[in-house]
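Worksheet for the structure shown next.
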Amino acid sequence: MPKDDTPIEDGAVHLYDLYDKDPDVADKVIFGRTPNKDRRGFLKGAGLATMGAMIGSTIPFHRNMPSGFIPVALADSHGMIEGKDGLTVFNDRPVNAETPAHLLDDRITPTSRHFVRNNGIPPEDVDPDTWTLTVDGLVNDPMTLSIADLKSKFEVVTKQLVIECGGNGRGFFDPPAKGNQWTYGAVACSTWTGVRYADVLKAAGIKEDVIYTAHVGADSHLSGEEGKLPISRGVPIEKAMNPNNLIAFEMNGAPLHAMNGAPLRLVVPGWPGSCSQKWLKRIWLRDQVHDGPKMTGKAYRVPAYPVAPGTKVPKGDFEIINAMPVKSLITFPETGITLADGQDVVQVRGHAWAGDDAVASMDLSIDFGVTWIKANLEEPANSYAWQHFNQTIKFPQKGYYEVWARATDTKNRMQPFAIAWNPKGYLNNSMHRVAVTVV
Ligand SMILES: Nc1nc2c(c(=O)[nH]1)N[C@H]1C(S)=C(S)[C@@H](COP(=O)(O)O)O[C@H]1N2
Ligand SMILES: [Mo]
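Heads up: take any position in the sequence shown, counting from 1, add 238, and you land on my numbering.
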């Protein structure tokens, strides 16, 4: 295979040469560290060169590879996105990556562990100093604000807020639903700093006939078509006015990560993550339910009535998802652990959250749900932060166990064992289970 036959970026050929000579040294040069199982690197602009470099070889049949395709040799490669660590990458065009449950063990999710859900291609070379946000539509005073304006004109607040993708848990649907096969990790609770969405709307002056917001970001459509938006969602004006929503410019005390919406994004916690527009450029107030891409049809919608798995539901029978349901995650121990040398006790811990509500109680079971053990549950740091739970669990004898976690919200709604199936695979809040073997 002649190396010059491949339409690769500048400098790529010598990468291959580097890998030919000594892959370990090559990795160090490219990724800045010695490779291990969790090979880290960058995905930004991952073309053939990056892929080839990561595999350590040329790809003779590369022309047959669909765009956005991830070679199976890299399929279990974690952390391919710069600044992210240990995420499971589903695609690179658009980038979609979730965090394994045991890596969400921090009380506040570090930026490196915050999942990424992109519908299009993020803007490149964003400049926070020249970035502007326009608020228009049915407002008394349309405004265009810089990030400096936001900081000087409005109170800056910091909150821990949960963002969860509406499709988190889709991977467990049977029959399967199309889309990213998220397991548990399309959720995070980072610290966000910004101004209240409500304060900005108030300053613009909301006209009486406004019922819905529309959010526009700077990412481009996968087709490359100029002006075509990959996603533009909105929320009822009442939800937009919730004082916990932020227009955020900082994540965990630093500028936003490029993949999480730098330099400016919405954080509308408690509702599907898709309401939290990244790379935010425009907020448009409307007198109708917003009809942007992924607002209509079946996107982020579920049937208005319960359906049997596999049912074909007419388009008109879907309704927009609002609050996410109560859910929890065991972040320690990691599923599949073995307790040896007479160990029979584990300090189980994790987090729980409940859409627009709070979590009232948290229970664990090690006998497949026959009996339940109350876990210690903390109050949230603020509304819409996840709540931490823990409990010491003793296993009565050797053998295979599953620890099940079940959260109950303040309205007495509990996580189900079985999946409430819907055609697009949203809202799966079935209980998290981890396997523990005592030998
Ligand atoms: N501009 C823009 N905003 C977006 C998206 C997107 O593709 N483009 N994806 C949405 C979806 S579906 C989710 S779940 C969240 C994910 O946020 P994160 O990538 O920071 O985890 O961002 C939302 N905001
Ligand atoms: Mo999402």
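Ideal placement from N, C-alpha and C gives every residue a C-beta, glycine not left out.
heavy atom of ligand 2 below 7 Å from residue i C-beta
i, result
"GLY405", "yes"
"GLY472", "no"
"PRO468", "no"
"PRO510", "yes"
Span of the beta strand (DSSP E), counted from its first residue to its last, around residue i
i, result
"GLU640", "637-647"
"ALA441", "Run containing ALA441: none in the beta strand (DSSP E); it sits in the alpha helix (DSSP H), 435-442."
"ILE631", "625-632"
"ASP601", "597-603"
"ALA339", "No beta strand (DSSP E) holds ALA339; DSSP gives it neither H nor E."
"SER566", "565-570"
"SER384", "381-384"
"PHE655", "Per DSSP, PHE655 belongs to no beta strand (DSSP E) and is neither H nor E."
"ARG520", "518-524"
"GLU488", "484-489"
"VAL400", "394-402"
"TYR450", "450-455"
"ASN620", "Counting along the chain, ASN620 falls outside any beta strand (DSSP E), and DSSP gives it neither H nor E."
"ASN329", "326-330"
Start-to-end residues for the alpha helix (DSSP H) that takes in residue i
i, result
"ILE475", "475-478"
Residue i, buried or exposed, once every other Cβ within 10 Å from all chains shown has been counted against 16
i, result
"MET669", "buried"
"PHE299", "exposed"
"GLN585", "exposed"
"LYS662", "buried"
"TYR543", "exposed"
"SER315", "Only weak support exists for where SER315 lies, its pLDDT of 46 falling under 50; the value from the coordinates is given anyway. Buried, by the Cβ-count rule."
"GLY279", "Confidence at GLY279 is low in this model, with a pLDDT of 37, below 50, so its placement is unreliable and no value can be given for it."
"SER428", "buried"
"LYS275", "Its pLDDT being 34, under 50, LYS275 is placed unreliably in this model, and the value from its coordinates should be taken loosely. Exposed, because fewer than 16 other Cβ atoms sit within 10 Å of the Cβ of LYS275."
"SER458", "buried"
"GLU402", "buried"
"TYR664", "buried"
"ASN302", "exposed"
"ALA656", "exposed"
"VAL677", "exposed"
"ALA578", "exposed"
"ALA590", "buried"
"PHE328", "buried"
"THR326", "buried"
"SER514", "buried"
"ALA613", "buried"
"ASP647", "buried"
"ASP412", "exposed"
"LYS445", "exposed"
For residue i, the nearest candidate out of the options (CA to CA)
i, options, result
"GLY637", "THR646, ILE604 and GLY455", "ILE604"
"LEU371", "GLY358, MET381, VAL377 and VAL364", "MET381"
"ARG694", "GLU336, ASP363 and GLY607", "Nothing about residue 694 can be reported from this structure: the residues present for the chain run from 239 to 677 only."
"GLU488", "ARG355, ALA656, ASP647 and PRO366", "PRO366"
"SER621", "LYS553, ARG539, TRP430 and ARG355", "TRP430"
"LYS649", "ASP594, ILE657 and GLN629", "ASP594"
"TRP369", "ASN357, VAL377, LEU388 and ILE359", "LEU388"
"THR451", "ASN490, GLU616, ALA500 and VAL506", "VAL506"
"ILE575", "THR675, PRO654 and MET562", "THR675"
"ALA436", "GLY511, VAL395 and GLU463", "VAL395"
"ARG345", "PHE627, SER461 and GLY580", "PHE627"
"PHE556", "LYS536, GLU572, SER566 and PHE570", "LYS536"
"VAL448", "ALA596, ASN378 and THR569", "ASN378"
"ALA415", "GLY423, ALA424, TYR422 and GLY405", "GLY405"
"GLN398", "ASN490, VAL551, PHE353 and ASP601", "ASN490"
"PRO468", "GLY443, GLN419, ILE444 and SER512", "SER512"
"VAL597", "GLY607, ILE611, THR609 and ALA623", "ALA623"
Closer than 7 Å: residue i CB and nearest ligand 1 heavy atom
i, result
"SER458", "no"
"ARG355", "yes"
"LYS553", "no"
"MET652", "no"
"GLN419", "no"
"ASN490", "no"
"TRP517", "yes"
"ASN498", "yes"
"SER514", "yes"
"GLY465", "no"
"HIS589", "no"
"ILE401", "yes"
"GLY455", "yes"
"HIS680", "Outside the displayed span of the chain (239 to 677) sits residue 680, for which this structure offers no information."
"GLY358", "yes"
"HIS528", "no"
Cβ of residue i within 8 Å of any chain C Cβ
i, result
"HIS340", "The structure shown contains no chain C; it is built from a single protein chain."
Beta-bridge pairing of residue i - partner residues as DSSP gives them
i, result
"ASN614", "ASN628"
"VAL583", "LYS632"
"THR320", "The sequence as given places Glu at residue 320; Thr does not occur at that position. Beta-bridge pairing links GLU320 to no other residue."
"ILE575", "VAL674"
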